[in-house]
Structures are given as C-alpha cells and as structure tokens.
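J.:
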Ligand code: ADP
C-alpha cells in the first residue's frame, strides 16, 4: 500500500494510515502542551517550536525556526549547551535539568529542561528534542517555604503545630528552649506533654474553636517545662487547612510573658507606693496648713489690739505692713487647705441666694483699696442679679483673677471687669494688659501647681489660684477659660448657671 497518497472515505474525510495517525496525534499533543517543546539539530539550529514555546520565550515559531538555540541561552550559561549536546550525541537523555533561559524581552525565566536524542530511520542521532517547563512559580514557592522555615527557626516565640487530636507535628528551636524538650522528644507526643494537669480542659476549648475554623488570639495561660517549672505564656492558635479548606490541625505561637508579668507587677507596686506617698503629702499639706492657721489667727488678733494702742505714726506704718503680710500669708494657708480638701473630696460649697453684682463690686472695692495704682473699671448693664451659689467661693474666684491680673501686668495701671447676663447664665470677665500667656501654655494653666515660669521668673506664686478657681466654678456647674496673647494681655472668663 502506498503510504503517501491520501485515501478518502465515503464522507469525503481522508483515511489516515497508522503512521500518519500517530504523527497527527503527536503533533496535536505538542501543539496543545503547556510545556515548551523544541527540537534542534546537533549543531543547535532550531527545527521546531510549539505554541507553548512561543508563549514562554516571546519568539514566534517563524522567528525561532532556523535560528541557533543560543538565542535563548544567557551568555554565562552557553557552556550548558555543549554539555547537553555532548550527552545527546552519545545517545543519553538529560532529565529535569534546572536552569535559566532568556526571553525575547531580555527577562530571565527559571526552567526545568529534559532533552532526548532524535534518531533517523537508521537509528543515527540527528538532533535533540527539548521539553522545558517554567518553574518560576515553583521556585518562588520553594524560596517562600525556606524563608518561612528560617523565620520559624529563628523566632524567639515557640511555634508548633499539632493535629486535631493534639499530636505535636512540628516543634521549633524556641520551643526547645522554652520547654526543655528537643524536637525529637516532642514531635509525635500529645500536646498535654506541656499542659499542667489543672489546665487540661483549656485544650478542649482551643481545639473546639479550631475545629470551627476560628482563631484563638493572645490567650494568656501557663504551661509546664520538662523540668517541671511553670511558664506563663500568651498563645495564639490558628487552624491549619488542607487544599480543600478542611481543618486538619492547628499552629500555635506562644510567647513567654514572665518578664512582662514581672514588669507589670513592679509597675503596680510602684504605682501603689506613689499613690500612698501622694496621699501622705496631701494629708501633710492639710495638717500643716491647719496648724499654721491657729498662730496666724492669734497674730492677727494681737496686731488689731496693737493698732488701737499705738499712736506713733512710724510704728503704725510698720504695723500696717505687718498686717498686710499676715493677710497674704492667711490667704496662702487657706488656699493650701482648700487644695487638700479638694484632694480628699471635702471642699464644701454652700449654696445660698446671692446678688452677683454686689459680689463683683465688693471684690473690685477690696482690690482697688489695696492696689491704688490700678484703675479697675467695671463694664456692666447688670444692676442687681439674684442667683444661687456660694458667695464666699465666687468672690474668691473673682479676687484670684483680679490679683493675677495685677501681678501679671507690671508697669500697667488698668484692669477691666465685665459682668454680662446671658440666657440661663451669667458671664464674668477680668481683662489685663500685661505679659499674656503663650498658646501652648494656656491649656495647662488650670492644672494644679502649674506656672508659666519662663515668662515671669520674678513673680512668685505656687500655681494653685487658677486650679482652685477652676474647681470652684466646676462645682457650680460653670465654665472657666482664658483668651490671651503674649505681650498684649489676657482676659479670664467664667460663667455660672442662673438657677
Ligand atoms: P500663681 O499665679 O500663684 O503662679 P495661678 O494658678 O493663679 O498661680 O496661675 C497659674 C499660672 O498662670 C501663673 O503662674 C501664670 O504663669 C499664669 N497666669 C495666671 N494669670 C495670668 C495673667 N493674668 N496673665 C498672665 N499669666 C497668668
């Protein structure tokens, strides 16, 4: 039978011979293969180039066939071709040779190549066929895997895995260090190896969560090392799933928190110590100011008696000075006493009916009398305004603000006071034209013992006046704040609800 003349069936389809059928099948396989399949002569000239090769290297078959195979070999790997050809010439196969080849665009691709000799009908080797598989992804996965393995190995945290039945399947170096069991001793054992008897039920809970596909995060517990000592740890456990997403085990990361716990305990003790000292200090301030008050009251009393007895002009002048200083000292002692009362939650506010205009007038009168060089002007439409509050404490606030306005405006002689009635509240302001306060300091000035020292190093004070004022206003459900500009002056405002 003549092999080369095609025969036709009744349906006009060519009837193929066996050889033709095999050859058609082979070329169909080559055409549809995902691997690049190339053939070449023993001189390296490309003789066939399938679609997968086109895709892999970027050259079309027209561009590739007839070219030398070095077209896709990076220059530093040209020697490999000599080796492959020498193997093939001797009738040997080269299997799964991992290397790199170059694409048309110059990029490199990781390949696994298998090369076989091609023989003619007499058995003579006339070329080589080459199957190349892109293993870039495979390589990346292997690199990722070894990177992960290195991380697990060098981690300071214990990293282990176990089956759903609790059998340990991996155990890193940190686990060896933390629990004292070597990898060989731990793998294959049940996880209860490191769980103290009274905590075995925790494992049921953890495995229960893992079976449901849930993570258990930062679970603080205690585990037991080989030598019996207990290790406080924070554990996070995650499910391990197979390719179908089925939970097949758990991976566990455990951190030794004994140092952290000791630190926390130390901090707690320190905090308690500071709290106690602070309470002692407040108690001391309270006691000391109370003790100071008694002799001050009697000095004041004797000075009053002396005032009536002394006739000498000079002596009377000195007496007045003494009285003024005693008054300052009394205010300071009262303020200190108030602070200790606030800290102990014992500052009394006694609410009664009052006329706020009268209180403002009184405070201005008092300060005008003692600081005659200042002109304190009240701007107000309010003639009489009755409300509820603690008259003594409200006056204390206004006097504090006026005293500050005077102290922090050296070289000026003017202070303005505002009394305004607003719906549901009264608003009082004290304005000076003094040193002012920088914006970043302004937010701290109502804090206890806070002073803007750098601006006014020669004006003495303890930083308690504004703190007390803030407390008093807050206790009346009012608000207090300040507007200020360094070098221009400040206005302190506060509001009180009209009940
Ligand atoms: P003291 O005046 O005794 O230091 P205060 O509590 O009354 O304490 O005031 C706190 C700080 O706020 C003061 O140290 C001062 O720096 C600043 N301050 C208060 N009032 C004024 C003002 N009218 N002008 C400028 N700075 C002021």
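Residue numbers (my numbering): 22 to 520. Idealized CB from N, CA, C, for every residue including glycine. In this text the structure is predicted, and so the values were computed from the model without any measurement.
Measuring CA to CA, which of 74, 106, 139 is closest to residue 122?
T.: Per the Cα distances, 74.
J.: List the residues that DSSP assigns as beta-bridge partners of residue 89.
T.: Answer is 66.
J.: In chain order, what residues of the same chain lie with their CB nearer than 7 Å to the CB of residue 519, ignoring the 5 residues before and after it?
T.: Result list for residue 519: 408, 445, 446, 447, in chain order.
J.: Closest to residue 235 by C-alpha separation, out of 506, 243, 260, would be which residue?
T.: Answer by Cα proximity: 260.
J.: If you run the structure through DSSP and keep just helix, strand and coil, what is residue 117?
T.: The answer is strand: DSSP assigns residue 117 an E or B state.
J.: Suppose you measure from the CA of residue 497 to the CA of residue 517; what does that come to, to the nearest Å?
T.: Approximately 7 Å, taken between the alpha carbons.
J.: Would you list the one or two residues that DSSP bridges to residue 129?
T.: 123, per the DSSP bridge assignment.
J.: For residue 85, is the classification buried or exposed, using 16 other Cβ atoms within 10 angstroms of its Cβ as the cut-off for buried?
T.: By the 10 Å Cβ count, residue 85 comes out buried.
J.: Go through its chain and collect everything with a Cβ distance to residue 415's Cβ below 8 Å, but skip five positions before and after it.
T.: Hits under 8 Å: 375, 377, 380, 493, 497, 517.
J.: So, with DSSP's three-state summary, where would you put residue 437?
T.: In the structure shown, residue 437 sits in a strand (DSSP, three-state: E or B).
J.: Need the endpoints of the alpha helix (DSSP H) that residue 294 sits in, please.
T.: Note, residue 294: alpha helix (DSSP H), 279 to 330.
J.: Alpha carbon to alpha carbon, how far is residue 310 from residue 344? Give it in angstroms, no decimals.
T.: Their backbone Cα atoms lie some 19 Å apart in a straight line.
J.: Is residue 393 helix, strand or coil by DSSP?
T.: It is coil, neither helix nor strand.
J.: What number of angstroms, rounded off, separates the C-alpha of residue 29 from the C-alpha of residue 141?
T.: Note on residue 29: pLDDT 49, under 50, position unreliable in the model; the coordinate value appears next. Their backbone Cα atoms lie some 29 Å apart in a straight line.
J.: Do you know offhand how far residue 194's Cα is from residue 208's?
T.: Taking the straight line joining both Cα atoms gives about 12 Å.
J.: Identify the continuous beta strand (DSSP E) that holds residue 239 and give its terminal residues.
T.: Here the beta strand (DSSP E) through residue 239 covers 237 to 245.
J.: Checking 9 Å against the spacing of the C-beta atoms, do residue 411 and residue 442 come in under that value?
T.: Going by C-beta atoms, residue 411 is not nearer than 9 Å to residue 442.
J.: Once DSSP output is grouped into helix, strand and coil, what is the label at residue 402?
T.: Looking at residue 402 - three-state DSSP - the assignment turns out to be coil, as it is neither helix nor strand.
J.: Within the region 142 to 227, note down every full beta strand (DSSP E) run reaching 3 residues or more, in order along the chain.
T.: Whole beta strand (DSSP E) segments, 3+ residues: 146 to 155, 179 to 184, 189 to 192.
J.: So the beta strand (DSSP E) residue 335 belongs to, where does it begin and stop?
T.: Residue 335 -> not in any beta strand (DSSP E); alpha helix (DSSP H) instead, spanning 334 to 364.
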